[in-house]
Each structure stands twice: as structure tokens, then as C-alpha cells.
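Asker:
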RNA sequence: CGGGCUGUGGCGCAGCUUGGUUAGCGCGCUUGACUGGGGGUCAAGAGGUCCCGGGUUCAAAUCCCGGCAGCCCGACCA
């Protein structure tokens, strides 16, 4: 490709709204352009990289026995009403964009469980056709509240998504493992360090699921990692160790003392009140009045220095809830006699020590100290209700865990019959002759996000440094001083033709611009191998070879075999 | 959805506080000359509804009101 004809313009300065390196460099290098917030165009260079990523994905999924399809991006709204997920649009559980057309209402598909279930379901009628896994690479739409970081979080994105169909749960788990392993191979080929972690299933549904996290300084997620045993889980889903600690309320401990604590509803204010007594937030018992998923009032206890992490579907008390439960006083809540008031008590494992605790007195402007677990309050159920922090005990082996900042690059789910049991065509005739629902899995990988992740990991202060497998071109050929030296232009043209004839993907900088511009653009675009034809080398019949990644340089005979001009 | 910041040629910005000739600068773009191994020099050009609407005023990029858009923090998020 002649650069003089390529649709690319490099920018000396990054746009003001680009914060992270991948965003800045992809825009500066002319790979992508923003059309609207979270909506990007891929220019030729960007599309080439994207295609290379897609090729790796398709190659591995094909090898794993998956079949590629292309499903519509425009979905009839009825499909989403059938699955019940249309109703969730209102609560933003799965933001989708609606479109009104002549044929009725549609959504721009944010994900394809509904469509694939009815599409594959219509074709598969017998267990003999199973197992079956299909995948597609196509655009998805998410009405993100806050797109950011260039391609890392967008409203329109390219995704590779696979769906497995099996006769029963055991077979589904085998298919899940197959795709899971293929995903690991894909990440390895992309040169990315990935950690599969246990995660929450969110709006997709199903039981077992894993997120594939790529550690990155620009990630928006954290996962819990235990170096000792390999346990890894998203902070949203991570359990915490520490269950079973013996609780031995000391009968000789002093009785509780009530303190008048006017206008001190928060943890910090209470700590300040007790500042003379060496009290820290960890000595306080944080009591949160919440409504659980089934609408019952629950008191959640956790150490005062911990942030709460409520199960999905639970919400904090609002004013009307406090009005309905006068035994709980907002700002001064405590667990004493909660059960007597018909409120069950759940506690984070961090509360599994006797105390003494300081907590609310269930009386406005009053707190209680000397509160002991087992004597003054009891817990109905233990769980992990606090956000994990580094140094917490691993739930599997008890060693200290770390938190790792990372980007979610893929997410796989064991769906079971969540969709097949409600969508048209979700059943087949099983071996015993009875009708059964497909046992499904789904597997999503953010292709355009991966482009940004790779760019984020592969760059230096001058520009991008693409891995050979993903680079937009194999070779970047620079002709220096062509305006002054027809001989150089001639020699470079000839070399370009030879490379093309040999099947090499070459980007040929034939522009009449100064050498500095060509070097700077070559560094910015990040093609792995740079070849320079200039007057100096031409006189000696050599071409200069340079590795973008290592900076290694050498000379090669201009007339030598093409192979000597490529790899190291 | 809350809080904050910002909208001025393609990009990056100044000007606005204290209204007043023709709205500037750098990059980029066009033409020409020079130059020719790390974004080179000189000269001449093109390119603007100063986000939109309303108001104040003799006069608004500038002041006031209302929108819209973008970005950041938070909430939310397969």
C-alpha cells in the first residue's frame, strides 16, 4: 500500500478528550476517529488490526469445532419481551437502544441470547444434532451511561460471541470448557496476560461464569487474586475467608454503656466522639438497614472500616421503610433485639469476633459501647457483605489476597435453560423421546476493546508497537529523499514491487516529505519491521532494517532474497 | 441520574474578568522556492454561523437567562 494513497492522517497532538495511551495513539496514528461519544469509525489502519484480531479468534473457534454465523443486529422487540429482558430496559439492567420502524419496534441488539436461541432452535430438533456451538463477530449496541477511554468503553462495539447448545448440563459443561480453553488460546496468541476469574452473571443470567481479565493500569475493574492457591474472582463476586472463627463472649466483660452522641450519625463522627478512648472505625459495628430481594427488611452488619457490598436486588432503606420500622432509627441503628422486631440479621465474616463493639442504640442521638456478639446481639446468617481489600483472607486457602486492576476482555456463562425454556424453539427431542430444553452456554469477547487493550499494552513514548500477528502491515518501507533523488525513488519502487510480488503486506511511504516526518510516522504507526532506502545505503547497495520493538538495526542487500528483509 | 469543568477554522489553544475597529497563535492544508537521515526554512494563500436560542446594550466571542453537546469524578454497567 502506498502511503501517499492511504486514507490516513497522523496527528502531532492528541485530541483533548483522549486520556489513556491507547486512545491517544490510535487517534494520532489515524487508526480510528470519533463520530459521537462512544462511537468510533475504523480507518484502514485500524480495520486491518481489527481484522487480524478477528482472524485469530475465528481460527481458534473454528479449530474448537465452532461454526461461524452472522445474526441480525436489529432485533424485533417481541423477542426481548418473550425472554422478559425487555422489562429490564426500564431499570437499565441491560441498556439497549430502541428503534421504531415500519415493521414495529426493534432494539439495536446489545447481546444475542434471544436471537440465537430462536434461530438455532428452529434448525435443531433432535439430540442427534447436538452438541452444537455457533459464533459470530459483529456489532453490538450498549447505551452506556458513560463511554470513556476511546475503544475501551463504547456505545457501539465489535464483539465475538459464541453460543453452545447441548442436551444436558454435563454436556453443556464440556462445551463450556472447550470454548473456555479456546478463549485462553486466543489471549495467548494476542500476547495478552489473562486471568479467568469467578464473576457475577448480571443481566445475562445463569450460574457459573467467568470473566477474562487482562491486568492493566487503565482497567475499570478489580479482581481478587490469591498467589498462594490461584483463587481469582471479581471483587463483585469474591467471597472472603474467615468463617468459623470461634466467638466467645466474655461473660466478665463490662455491660453495655449508652452514650449521648448528638448529631453524630456517621462512622467518622462517632470515631471523633470517642477520640479520647483510642477508638477506630474498625471498633464500630456498621449496621445497614436494607430490603432484600424478596422485600423483607434485613439488618446487614459489617466492621465500621469496611464498605458494604450488597447482593444484587438488595437496596438500602428509604424514608418510608424507616417509617414502617420505628425500631430502627436512621443514623443510630444497632442490632440489639432486631430479631424481636421481626428483622433478621446477616453479618459479614469480619464481624465474627466478640467485640466489644460500638454501635447505634436504636435511639436518636445515642450510641452504645461494650456491645458483645452472642450476649447483646446475635447473627442469623453469615456471609461476605464487605468489599474485599488487599490483605483479606483468601476464602480457599486463608492466605492474604491482592486486588488487581484490570480490563474485562471476555465473559463466559453457563446459562443452562434460562433462555431455551422461555424462547420459541428452545426445545428438542431427547434420546428418551421426550421434549427437553437446550442446555446453553454463551461466550462474549470484546474485539474492539481488545484492540484498545493491545494498544494499551504495546506502545512506547513514540507510538504503537504492534505484535507481528496483529500489525496493520508486516513491513513499513521508507524511501528517503525521493524528491531529490530519482534513483532512490526508483530503487524503493522496485523493492516495493518485489515485496508485494512475494506476498508481503507492505506499507510503502512514498510521500515527498522530510525524513523526520517519515520516521516519526513509522514510529507512531508501529509496524514491526522498518526498511529504509536512502541515498547513503543505495550507494552501497543496501537497505536498512530496523525492529520497532527492540530498536535492533542491521543492513541487508537491496538485491538479496526477500526473506532476509523480514523477520530478525 | 447527581457534582465539577469545557464548547472559538481539521487538531491543540489564547482572547471573555473590565463589551468597542479587521477574532489571534501553533500544528495541519494549498502554491512556490530552498532544504534533504528524526515532525527543516522562507514567502504568499485558503479556511470561522466564536455550540444553539433568547435577552441586555448604540455595540456581545465577551454580560444575563434557557437549552444542547463534550470531558472528568461518582452512581450504574454482559
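In the numbering used here, the protein residues as written are 34 to 601.
Built from N, CA and C at the ideal position, the CB exists for glycine as well.
1. Can you check which of these residues, 93, 599, 177, is closest to residue 220 by C-alpha distance?
2. Tell me which residues share the same chain as residue 37 and place their Cβ nearer than 6 Å to its Cβ, disregarding the 5 neighbours each side in the sequence.
3. Counting C-beta neighbours from all protein chains within 10 Å, is the total for residue 425 16 or more, i.e. buried, or is it exposed?
4. Taking 7 Å as the limit between beta carbons, can you name the residues of its chain near residue 528, skipping five residues before and five after?
5. Is the number of C-beta pairs between the region 309-323 and the region 335-346 that are closer than 8 Å three or more?
6. Just to check my reading of the structure: residue 617 and residue 62 have Cβ atoms closer than 8 Å, yes? What is that Cβ distance to the nearest angstrom?
7. Along the chain, where does the alpha helix (DSSP H) that runs through residue 302 open and close?
8. How many angstroms separate the CA atom of residue 214 from the CA atom of residue 363?
9. Write down the C-beta distance between residue 65 and residue 184 rounded to the nearest angstrom, noting that I regard them as a contact closer than 8 Å.
10. Rounded to whole angstroms, what is the Cα-Cα separation between residue 422 and residue 334?
11. The alpha helix (DSSP H) that contains residue 519, what's its start and end?
12. Nearest-angstrom Cα distance between residue 276 and residue 410?
13. Can you check which of these residues, 526, 517, 288, is closest to residue 548 by C-alpha distance?
14. So, at 6 Å on beta carbons, what are the nonlocal neighbours of residue 481 in its own chain, with the 5 sequence-adjacent residues on each side left out?
15. Measure the Cβ-Cβ separation of residue 337 and residue 315 and say whether it is below 9 Å.
16. Go ahead and pull the three-state DSSP assignment for residue 564.
17. What would DSSP say about residue 119, mapped onto helix, strand or coil?
18. In chain order, what are the residue ranges of uninterrupted alpha helix (DSSP H) at least 4 long that sit wholly in the region 196-278?
19. What does a CB cutoff of less than 6 Å around residue 562 pick up in its chain, not counting 5 residues either side in sequence?
20. In terms of residues, what are the limits of the beta strand (DSSP E) holding residue 435?
21. With DSSP collapsed to three states, give me the class of residue 167.
22. Can you check which of these residues, 360, 412, 369, 295, is closest to residue 381 by C-alpha distance?
23. Leaving out the 5 sequence neighbours to the left and right, which residues in its chain are closer than 8 Å to residue 243 when beta-carbon positions are compared?
24. Taking residue 76 and residue 41 to be in contact with their CB atoms under 8 Å, please state how far apart those CB atoms are, rounded to whole angstroms.
25. Report the residue from 201, 523, 56 whose alpha carbon sits nearest the alpha carbon of residue 467.
26. Do residue 414 and residue 384 have their beta-carbon atoms positioned less than 9 Å apart in this structure?
27. With the cut-off set at 9 Å, would you say residue 101 and residue 162 are in Cβ contact?
28. Could you give the residue range of the beta strand (DSSP E) that holds residue 79?
29. How would you label residue 569, buried or exposed, when you count the other beta carbons within 10 angstroms and need 16 or more for buried?
30. Rounded C-beta distance between residue 486 and residue 249? I'm assuming under 8 Å.
31. Using a Cβ-Cβ cutoff of less than 6 Å, which residues in the same chain neighbour residue 447 once the five nearest sequence positions on both sides are dropped?
32. Across which residues does DSSP place residue 507 in a beta bridge pair?
33. Pick from 82, 35, 50: whose alpha carbon is nearest that of residue 505?
34. If residue 246 and residue 268 are in contact, beta carbons under 8 Å, what's the gap, nearest whole angstrom?
35. What span of residues does the alpha helix (DSSP H) with residue 56 cover, start to end?
36. Going by C-alpha to C-alpha distance, which of 441, 263, 51 sits closest to residue 252?
Answerer: By the coordinates alone:
1. 93
2. 543, 544
3. buried
4. 510, 566, 576, 591
5. yes
6. Any question about residue 617 goes unanswered here, given that the chain covers just 34 to 601.
7. 300-306
8. 50 Å
9. 7 Å
10. 17 Å
11. 519-534
12. Any reading at residue 276 is ruled out, since the residue's pLDDT is 46, under 50, leaving its predicted position unreliable.
13. 517
14. 184, 190, 191
15. yes
16. strand
17. helix
18. 202-222
19. 508
20. 435-449
21. strand
22. 412
23. 213, 229, 230, 231, 232, 444, 445
24. 6 Å
25. 201
26. no
27. no
28. First-last for residue 79: 77-96, but that is the alpha helix (DSSP H), not the beta strand (DSSP E).
29. exposed
30. 7 Å
31. 209, 239, 240, 241, 474
32. Answer is none; residue 507 lacks a bridge partner.
33. 82
34. 11 Å between Cβ atoms; not a contact.
35. 54-61
36. 441
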